[in-house]
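Peer 1:
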Amino acid sequence: MKLNLNEHPHRRFNILTGEWVLVSPHRTKRPWQGKQEKTAVENRPEYDENCYLCPGNTRANGEVNPQYTSTYSFTNDFSALLPNTPSTEINEGLFRARGETGICKVICFSPDHSLTLSQMEVTGIEEVISIWQKEYHELGAMENINYVQIFENKGALMGCSNPHPHGQIWAQVSIPQEVQKKCDFQLAYWQENQRSLLKDYLGQEMEARERIVIENDHFLALVPFWAVWPYEVMIAPKRHLQYIGQVSDEEKSSFAQIIKEVTTKYDNLFKTSFPYSMGIHQSPTDGQPHEEWHFHMSFYPPLLRSATVKKFMVGYEMFANPQRDITAEQAANTLRNLSHKHYSQHPN
Ligand code: H2U
Numbered sequence: 002m003k004l005n006l007n008e009h010p011h012r013r014f015n016i017l018t019g020e021w022v023l024v025s026p027h028r029t030k031r032p033w034q035g036k037q038e039k040t041a042v043e044n045r046p047e048y049d050e051n052c053y054l055c056p057g058n059t060r061a062n063g064e065v066n067p068q069y070t071s072t073y074s075f076t077n078d079f080s081a082l083l084p085n086t087p088s089t090e091i092n093e094g095l096f097r098a099r100g101e102t103g104i105c106k107v108i109c110f111s112p113d114h115s116l117t118l119s120q121m122e123v124t125g126i127e128e129v130i131s132i133w134q135k136e137y138h139e140l141g142a143m144e145n146i147n148y149v150q151i152f153e154n155k156g157a158l159m160g161c162s163n164p165h166p167h168g169q170i171w172a173q174v175s176i177p178q179e180v181q182k183k184c185d186f187q188l189a190y191w192q193e194n195q196r197s198l199l200k201d202y203l204g205q206e207m208e209a210r211e212r213i214v215i216e217n218d219h220f221l222a223l224v225p226f227w228a229v230w231p232y233e234v235m236i237a238p239k240r241h242l243q244y245i246g247q248v249s250d251e252e253k254s255s256f257a258q259i260i261k262e263v264t265t266k267y268d269n270l271f272k273t274s275f276p277y278s279m280g281i282h283q284s285p286t287d288g289q290p291h292e293e294w295h296f297h298m299s300f301y302p303p304l305l306r307s308a309t310v311k312k313f314m315v316g317y318e319m320f321a322n323p324q325r326d327i328t329a330e331q332a333a334n335t336l337r338n339l340s341h342k343h344y345s346q347h348p349n
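Taking the working numbering, I'd label the letters of the sequence shown as residues 2 to 349.
Have a look at this one:
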């Protein structure tokens, strides 16, 4: 019997990490008697005098933010990584540890407290991309910074501490393990084929056209074949770019546009300010050429069925490997068919 990816339980391979996800499409009809949470209706002011990130306000450590009018970055007052940590090792039998140096920054996307990426103008998102480029360049040029991780936690559900539109950057001497996996798989493919693994994958997706959510002149947004989170999306450039600094001004506009459209579709899916963790994976800043790298941005959103019902990574996922019910193709189809106009402006 031929395997039918819409019916039969199967495993899918993540070509970037070497990990597998169990897909159980036959379970999508199972009854739900789980937790139902209440949706909080958010109506935020443009300025909040109690927000640590609004322009002109005093932060938790007593520093005052400038009256910034576009984006603003500062060193995290409670940084998880510090620049002056001893880089020595401890090897005591089976107890191993190593000092880790790094720098953590907070990036305010806009002075307007009420906005999220989906509600910002495309030109405002272009400014966010510009500050990511600048920070990647400046931090990456520093001694002992071999990787620059740009990310955003959005929504209280993801542990975000403040609704003001912002993200973070953690830059450090080690290459984090998620990134290292992608380094290894992309390098192996590059050495074997002299081509980019992710660019070849995007080519195959453009032929299949089953998982593409949005395509514009320079970027694709798709639900990866191996997606773990129900509505996971990857945004990647069509051109083989190793890092965000190589995005041209023309491409930046396409990038900003596709970020706005993906986040708008997300909000429209369950008519809520959609929570997610977003991260950009790109070439390390360790001085190596890294031609194998193809940069990409991934959104991992926890919601499954509604604004209140989320997917839990528990049980089998914790002890065996990730599992999903709705297929990547079903999720892509749902997202593709959603409006690219924000529901708050079109209540019906
Ligand atoms: P999250 O919302 O993703 O937690 O990010 C907010 C970061 O902002 C968090 O890491 C920092 C926190 O340490 N922060 C400051 O650096 N100064 C402040 O006054 C408040 C929050």
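Every residue gets a Cβ at the ideal spot worked out from N, C-alpha and C, and that includes glycine. Just so you know, these numbers come straight off a predicted model, no measurement behind them.
Measure the C-alpha to C-alpha separation of Q68 and P56 and round it to an integer number of angstroms.
Peer 2: For Q68 and P56, the distance between alpha carbons rounds to 5 Å.
Peer 1: Tell me the rounded alpha-carbon separation between I130 and E153.
Peer 2: Cα to Cα, I130 sits roughly 13 Å from E153.
Peer 1: Any chance the CB of V229 is under 7 Å from a heavy atom of the ligand H2U?
Peer 2: Outside the cutoff, so no.
Peer 1: Identify every residue that forms a DSSP beta bridge with A98.
Peer 2: In the DSSP output, where bridge partners are listed per residue, A98 has I91.
Peer 1: How many Å lie between T89 and Q173 at the Cα?
Peer 2: Answer to the nearest angstrom: the Cα atoms are 15 Å apart.
Peer 1: With the cut-off set at 8 Å, would you say G246 and H138 are in Cβ contact?
Peer 2: The answer is yes: Cβ separation under 8 Å.
Peer 1: With 16 other CB atoms within 10 Å as the buried threshold, where does V22 fall?
Peer 2: With 16 or more Cβ atoms within 10 Å of its Cβ, V22 is classed as buried.
Peer 1: To the nearest angstrom, report how far apart F186 and L203 are at their CA atoms.
Peer 2: Taking the straight line from one Cα to the other gives about 16 Å.
Peer 1: Taking only heavy atoms of the ligand H2U into account, decide whether any of them is closer than 7 Å to the Cβ of Y53.
Peer 2: Yes, Cβ of Y53 sits closer than 7 Å to a heavy atom of the ligand H2U.
Peer 1: Under a three-way DSSP split, which group does M121 fall into?
Peer 2: M121: coil per DSSP, three-state reduction.
Peer 1: Roughly how many angstroms lie between the CA atoms of G103 and T86, to the nearest whole one?
Peer 2: The alpha-carbon atoms of G103 and T86 are separated by roughly 8 Å.
Peer 1: Given F300, which residues of its chain have a CB within under 6 Å of its CB, disregarding the five upstream and five downstream residues?
Peer 2: Closer than 6 Å at the Cβ level, and outside the excluded window around F300, lie V234, Y277, M279.
Peer 1: S299 bridges to which residues according to DSSP?
Peer 2: Looking at the DSSP assignment, S299 forms a beta bridge with M235, G280.
Peer 1: CB R325 to CB V229, shorter than 8 Å?
Peer 2: Yes, they are a contact pair.
Peer 1: Does the distance between the C-beta of Q169 and the nearest non-hydrogen atom of the ligand H2U fall short of 7 Å?
Peer 2: Answer for Q169: yes, Cβ within range of the ligand H2U.
Peer 1: Measuring only the C-alpha atoms, how far is E373 from N217?
Peer 2: The requested residue 373 is not part of the displayed model; the chain covers only 2 to 349.
Peer 1: So what does DSSP say about V224, is it helix, strand or coil?
Peer 2: The answer is coil: DSSP assigns V224 none of H, G, I, E or B.
Peer 1: Tell me whether R60, by its Cβ, gets closer than 7 Å to a heavy atom of the ligand H2U.
Peer 2: Answer for R60: yes, Cβ within range of the ligand H2U.
Peer 1: Using the rule of at least 16 other Cβ atoms within 10 Å of the residue's Cβ for burial, across every protein chain shown, is D250 buried or exposed?
Peer 2: Label assigned to D250: exposed.
Peer 1: Measuring only from the beta carbon, is C161 closer than 7 Å to any heavy atom that is part of the ligand H2U?
Peer 2: At least one heavy atom of the ligand H2U is nearer than 7 Å to the Cβ of C161, so yes.
Peer 1: Going by alpha carbons, who is nearest to T117 out of S274, Q150, A81?
Peer 2: When only C-alpha atoms are compared, the closest one is S274.
Peer 1: Helix, strand or coil for C184 per DSSP?
Peer 2: Residue state, collapsed to three classes: helix.
Peer 1: Measuring straight from C-alpha to C-alpha, what distance separates I164 and H114?
Peer 2: According to the sequence provided, residue 164 is Pro. The question's Ile does not apply to it. Straight-line Cα distance between these residues: approximately 7 Å.
Peer 1: Measuring only the C-alpha atoms, how far is A329 from Y53?
Peer 2: Approximately 38 Å, taken between the alpha carbons.
Peer 1: Q1 to R45, Cα distance in whole Å?
Peer 2: No answer is possible for residue 1: the residues shown for the chain start at 2 and end at 349.
Peer 1: With H, G and I counted as helix, E and B as strand and the rest as coil, what does DSSP make of N154?
Peer 2: Three-state DSSP puts N154 in a strand.
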